[in-house]
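J.: If you read the sequences in order, they're chains A and B.
Residue numbers for the first sequence follow this note's numbering, so the first one is 1 and each next one is one higher.
Residue numbers for the second sequence follow this note's numbering, so the first one is 361 and each next one is one higher.
Backbone N, C-alpha and C define an ideal beta-carbon position, used for all residues, glycine too.
First the structure, then my questions, so here it is.
2 protein chains.
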Amino acid sequence: MRISSAEEREFLEGVFTAYSFSNEDSALLADTLVDADLRGIASHGIQRLAWYIRMIKEGTIQPQNKVKVLKETPTSLLVDANKNMGQIASAFAMKNLIKKTKQVGLSMAVIRNSNHFGTAGYYSRMAVAEGLIGIATTNTRPLVAPTNATQAFLGSNAFAFTFPASPHPFVFDGATSVVSGGKIQVLAKNNKPLPGDWAIDGERNVIHDAQAAEDILAKVAFTEHQTGGGVLTLGGNSEKNSNYKGFGNSLIIELLTGILAQGSISADTNTGEHDFSQFFLTLDPAVFGDLETFATNATAMFTRIRGLEHTPGTQIMIPGDREYKNYHENLQQGVLLDEKSAAEIKEIAQELEITVPKFK
Amino acid sequence: MRISSAEEREFLEGVFTAYSFSNEDSALLADTLVDADLRGIASHGIQRLAWYIRMIKEGTIQPQNKVKVLKETPTSLLVDANKNMGQIASAFAMKNLIKKTKQVGLSMAVIRNSNHFGTAGYYSRMAVAEGLIGIATTNTRPLVAPTNATQAFLGSNAFAFTFPASPHPFVFDGATSVVSGGKIQVLAKNNKPLPGDWAIDGERNVIHDAQAAEDILAKVAFTEHQTGGGVLTLGGNSEKNSNYKGFGNSLIIELLTGILAQGSISADTNTGEHDFSQFFLTLDPAVFGDLETFATNATAMFTRIRGLEHTPGTQIMIPGDREYKNYHENLQQGVLLDEKSAAEIKEIAQELEITVPKFK
Numbered sequence: 001m002r003i004s005s006a007e008e009r010e011f012l013e014g015v016f017t018a019y020s021f022s023n024e025d026s027a028l029l030a031d032t033l034v035d036a037d038l039r040g041i042a043s044h045g046i047q048r049l050a051w052y053i054r055m056i057k058e059g060t061i062q063p064q065n066k067v068k069v070l071k072e073t074p075t076s077l078l079v080d081a082n083k084n085m086g087q088i089a090s091a092f093a094m095k096n097l098i099k100k101t102k103q104v105g106l107s108m109a110v111i112r113n114s115n116h117f118g119t120a121g122y123y124s125r126m127a128v129a130e131g132l133i134g135i136a137t138t139n140t141r142p143l144v145a146p147t148n149a150t151q152a153f154l155g156s157n158a159f160a161f162t163f164p165a166s167p168h169p170f171v172f173d174g175a176t177s178v179v180s181g182g183k184i185q186v187l188a189k190n191n192k193p194l195p196g197d198w199a200i201d202g203e204r205n206v207i208h209d210a211q212a213a214e215d216i217l218a219k220v221a222f223t224e225h226q227t228g229g230g231v232l233t234l235g236g237n238s239e240k241n242s243n244y245k246g247f248g249n250s251l252i253i254e255l256l257t258g259i260l261a262q263g264s265i266s267a268d269t270n271t272g273e274h275d276f277s278q279f280f281l282t283l284d285p286a287v288f289g290d291l292e293t294f295a296t297n298a299t300a301m302f303t304r305i306r307g308l309e310h311t312p313g314t315q316i317m318i319p320g321d322r323e324y325k326n327y328h329e330n331l332q333q334g335v336l337l338d339e340k341s342a343a344e345i346k347e348i349a350q351e352l353e354i355t356v357p358k359f360k
Numbered sequence: 361m362r363i364s365s366a367e368e369r370e371f372l373e374g375v376f377t378a379y380s381f382s383n384e385d386s387a388l389l390a391d392t393l394v395d396a397d398l399r400g401i402a403s404h405g406i407q408r409l410a411w412y413i414r415m416i417k418e419g420t421i422q423p424q425n426k427v428k429v430l431k432e433t434p435t436s437l438l439v440d441a442n443k444n445m446g447q448i449a450s451a452f453a454m455k456n457l458i459k460k461t462k463q464v465g466l467s468m469a470v471i472r473n474s475n476h477f478g479t480a481g482y483y484s485r486m487a488v489a490e491g492l493i494g495i496a497t498t499n500t501r502p503l504v505a506p507t508n509a510t511q512a513f514l515g516s517n518a519f520a521f522t523f524p525a526s527p528h529p530f531v532f533d534g535a536t537s538v539v540s541g542g543k544i545q546v547l548a549k550n551n552k553p554l555p556g557d558w559a560i561d562g563e564r565n566v567i568h569d570a571q572a573a574e575d576i577l578a579k580v581a582f583t584e585h586q587t588g589g590g591v592l593t594l595g596g597n598s599e600k601n602s603n604y605k606g607f608g609n610s611l612i613i614e615l616l617t618g619i620l621a622q623g624s625i626s627a628d629t630n631t632g633e634h635d636f637s638q639f640f641l642t643l644d645p646a647v648f649g650d651l652e653t654f655a656t657n658a659t660a661m662f663t664r665i666r667g668l669e670h671t672p673g674t675q676i677m678i679p680g681d682r683e684y685k686n687y688h689e690n691l692q693q694g695v696l697l698d699e700k701s702a703a704e705i706k707e708i709a710q711e712l713e714i715t716v717p718k719f720k
């Protein structure tokens, strides 16, 4: 079924306002979820709402807390998200970095005491909209088993990178692991199997039952009870296909987030503080030359790649192509919603006594 | 067989001096190759020498040309390598960035008109030796087939990231593709099969014959004759295991190198200019807190990861662990050398009438 993005936005703003977020913050939070659904990133759209509300009720998320700047230089920013939603501190940080980078060429921010921030691409796209290269990363709950390990330790740490191009920017946005936990969640909600080598059990055997994988992830991510198993690093189950590179990529994000923020590393977010950390970087390509030239040359490269010889029945897509195609289509036809999430939305609306959005 | 690293260094300095590099540049070039061999990265060690010499003889490498600074700000540096070896401009750029970052918190450099620069980790380790986070990247000859493509287009673009830790820094250093072309080259030289899904033919079938793969790579990387086939992106042959993430990672390096440098993208380095481009970034963690605390916390995380439950007969290693172990061992026992490279070294020595190093 589908829901119009305008109705989704209105509903979400109502829910967040009802949970004591400021009007401005409610609008931002709604926008990040609608934006993900429009881009076809259902794993990070409205299906997360029930989970966010659980964290608000548990006190993990503190809707009225204000963002605090702890340290600032002309090129850097250390921010305390103050246990509010990650989206709020992240949008704040990225707006600041854009100003700094336009003055000094590049700048970086670290956020501590944060929560889930939605899609990483939301923030790196803020930078590219201003003609800058944007990088956004976060750690997460522990979901990912390092190379050779039989238990989860790393987050499915997200990484986004954007670069100016036409007709839309280059947008790489995804978990550094083979898939995000959210992608497995969506398949489990829809009773579909895992199509690839994504998850392992406690003996590092690959499993394809999405619900079995989701059961493992729910334990490793949210409890101290480590039964073993988790999501694989990019590169799969075996060292012979260099899965230690995917492991390394995820570890780099751990260093830039939890370690630089002096917050929890992903492995410790299932106990105690539940805090996430984020890292952002913006670079101004104009210090090296003309912005239009860079965008034109990048666009020309992408056009050549899309036109390369390929296997029959497939298509070569540049990171961002699918998202922008989805965006324009879903703006017209409404965003996709699975039945379980629709039921959750009804329940949330009833509890708050607000209008249930129309599903079609 | 093995060769002592001291003799390797002396031999290499003699070769580079004989090919008209300055004494300082010869020492640097020798150091980068000895360093790779000591760390067990044979693909980027002395086995590259014959290839470098071919490029010197062809005029692709111009040993006497001086590095030129084209643009400079307090946070950035645009460098022209002036067709000399990539190592020379890269070490120059990284030394400059270290100074800048200590003053302003972070800085970046782009190099154009460059050549192969050895291992990326050599430069990011220069930054970490000064307490900074280091990032080093390069594009390369076209070797890698994008997701679904049946022909090579991307470089096996290298990426290194270093972070302070004990007893040695975190050093992630590798091709963004499933493996570097050099790794296939070494297996072909040793008549060994490819152990994983690394290379494809012109119909995107995985091939395991190293010499067949090397024959494909020699054509796609060095001639305009595109027969199809190449190296796979990290994530393997199929979209279902997210090989588009490996594709995205390689594309990011294309943007930061060839595009920002306004040089050739990897796809165009097999014709015309043969120029490579490099990108470097250094960050000072001290702007966010105490360096010792970061290194201590990173070290504690790595210790926990090494001690995780794992499959029998395996070991969990942190990026850098293997390299530093190799380094200390090979410093004692000498670096490994394959027969074909030993034969090449003898030939090079005879042509220059310099002493052949002792093999044992």
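Among the residues of its own chain, which have a CB less than 6 Å from the CB of residue 641(B), if the five just before and after it don't count?
T.: Correct list, in chain order: 468, 495.
J.: Under the assumption that residue 592(B) contacts residue 146(A) (Cβ atoms under 8 Å), give the Cβ distance between them as a whole number of angstroms.
T.: Actually they are not in contact, since the Cβ atoms of residue 592(B) and residue 146(A) sit about 22 Å apart, beyond 8 Å.
J.: Smallest Cα separation from residue 362(B): which of 600(B), 597(B), 696(B)?
T.: Of 600(B), 597(B), 696(B), the residue nearest in Cα terms is 696(B).
J.: Interface residues of chain B around residue 149(A) at Cβ under 7 Å?
T.: Those within 7 Å of residue 149(A) in chain B are 668, 669, 670, 676.
J.: Determine the extent of the beta strand (DSSP E) in which residue 174(A) is found, giving its start and end residues.
T.: That run of the beta strand (DSSP E) goes 170 to 175.
J.: Give me the Cα-Cα distance between residue 116(A) and residue 614(B), rounded to the nearest whole angstrom.
T.: Distance between the alpha carbons of residue 116(A) and residue 614(B): 30 Å.
J.: To the nearest angstrom, how far is it from the Cα of residue 283(A) to the Cα of residue 694(B)?
T.: One C-alpha to the other measures close to 43 Å.
J.: Residues in its own chain within less than 8 Å of residue 197(A) by CB, not counting five upstream and five downstream?
T.: These residues qualify, in order along the chain: 178, 206, 232, 236, 237.
J.: Along chain A, in chain order, which residues have C-beta atoms closer than 8 Å to that of residue 435(B)?
T.: Neighbours of residue 435(B) on chain A, chain order: 75, 104, 105, 106, 287.
J.: Where residue 429(B) and residue 437(B) are concerned, what is the direct C-alpha to C-alpha distance, given to the nearest angstrom?
T.: Each residue's Cα considered, the two are about 7 Å apart.
J.: Alpha carbon to alpha carbon, how far is residue 344(A) from residue 525(B)? Give it in angstroms, no decimals.
T.: Their backbone Cα atoms lie some 45 Å apart in a straight line.
J.: Take residue 156(A) and list the residues in its own chain whose beta-carbon comes closer than 7 Å to its own, dropping the five residues that flank it on each side.
T.: Counting only Cβ-Cβ distances below 7 Å, and skipping sequence neighbours, we find 140, 143, 144, 175, 177, 180, 181, 231.
J.: On the premise that residue 15(A) lies in contact with residue 49(A), defined as a C-beta separation below 8 Å, what is that separation, rounded to the nearest angstrom?
T.: Their Cβ separation, rounded to whole angstroms, is 7 Å, which keeps residue 49(A) and residue 15(A) in contact under 8 Å.
J.: Given residue 655(B), which residues of its chain have a CB within under 7 Å of its CB, disregarding the five upstream and five downstream residues?
T.: Answer for residue 655(B): 524, 525, 526, listed in chain order.
J.: Distance check for residue 21(A) and residue 186(A), CA to CA, integer angstroms please.
T.: Taking the straight line from one Cα to the other gives about 27 Å.
J.: Can you look up residue 194(A) in the DSSP assignment and give me helix, strand or coil?
T.: Correct three-state label for residue 194(A): coil.
J.: For residue 457(B), which three-state DSSP category applies?
T.: Residue state, collapsed to three classes: helix.
J.: So which residues on chain B does residue 297(A) lean against when the C-beta distance must stay under 9 Å?
T.: The answer, in chain order, is 618, 619, 622, 625.
J.: Return the chain-ordered list of same chain residues with a C-beta closer than 7 Å to the C-beta of residue 562(B), the five sequence neighbours on each side being excluded.
T.: 510, 587, 588, 589.
J.: Taking DSSP's pairing of strands, which residues face residue 163(A) in a bridge?
T.: DSSP output for residue 163(A) lists 170(A) as bridge partner(s).
J.: By DSSP, does residue 276(A) sit in helix, in strand, or in coil?
T.: In this structure, residue 276(A) counts as strand in the three-state DSSP scheme.
J.: Just checking: is the beta-carbon of residue 192(A) within a distance shorter than 8 Å of some beta-carbon in chain B?
T.: Answer no: the Cβ-Cβ gap between residue 192(A) and chain B never drops below 8 Å.
J.: Should residue 515(B) be flagged as near chain A, meaning a C-beta pair shorter than 8 Å?
T.: So no, residue 515(B) is outside the interface.
J.: Return the CA-CA distance between residue 85(A) and residue 137(A), expressed in angstroms with no decimal places.
T.: Rounded to the nearest angstrom, the two C-alpha atoms are 15 Å apart.
J.: With a threshold of 8 Å between beta-carbons, can residue 71(A) be considered close to chain B, or not?
T.: Chain B contact via Cβ: present.
J.: Just to confirm, does residue 595(B) get its C-beta within under 7 Å of one of the non-hydrogen atoms of the ligand ZN?
T.: For the ligand ZN, the structure offers nothing, since it holds no ligand at all.
J.: Leaving out five residues before and five after residue 425(B) in sequence, what residues of the same chain have Cβ atoms less than 6 Å from its Cβ?
T.: Closer than 6 Å at Cβ, skipping near neighbours: 442, 443, 444.
J.: Is the Cβ of residue 454(B) closer than 8 Å to any Cβ of chain A?
T.: Cβ-Cβ to chain A under 8 Å: no for residue 454(B).
J.: Can you tell me the Cβ-Cβ gap for residue 416(B) and residue 379(B), rounded? I've got them flagged as a contact below 8 Å.
T.: That pair is a contact at about 5 Å.
J.: In the DSSP assignment, the beta strand (DSSP E) including residue 114(A) goes from what residue to what residue?
T.: Residues 106 to 114.
J.: Which chain A residues sit within Cβ distance under 7 Å of residue 538(B)?
T.: Neighbours of residue 538(B) on chain A, chain order: 241, 242.
J.: Distance check for residue 666(B) and residue 674(B), CA to CA, integer angstroms please.
T.: Their Cα atoms are separated by approximately 11 Å.
J.: Using DSSP's beta-bridge definition, name the partner residues of residue 724(B).
T.: Residue 724(B) falls outside the range modelled here, since chain B spans only 361 to 720, and no answer is possible.
J.: Closest Cβ-Cβ distance between residue 301(A) and chain B: below 8 Å?
T.: Residue 301(A) counts as touching chain B.
J.: I'd like the span of the alpha helix (DSSP H) that includes residue 685(B), first residue to last.
T.: Where residue 685(B) is concerned, the enclosing alpha helix (DSSP H) stretches over 681 to 693.
J.: Would you mind stating whether residue 466(B) and residue 435(B) have Cβ atoms separated by less than 8 Å?
T.: Against a cut-off of 8 Å, the Cβ pair of residue 435(B) and residue 466(B) comes out as a contact.
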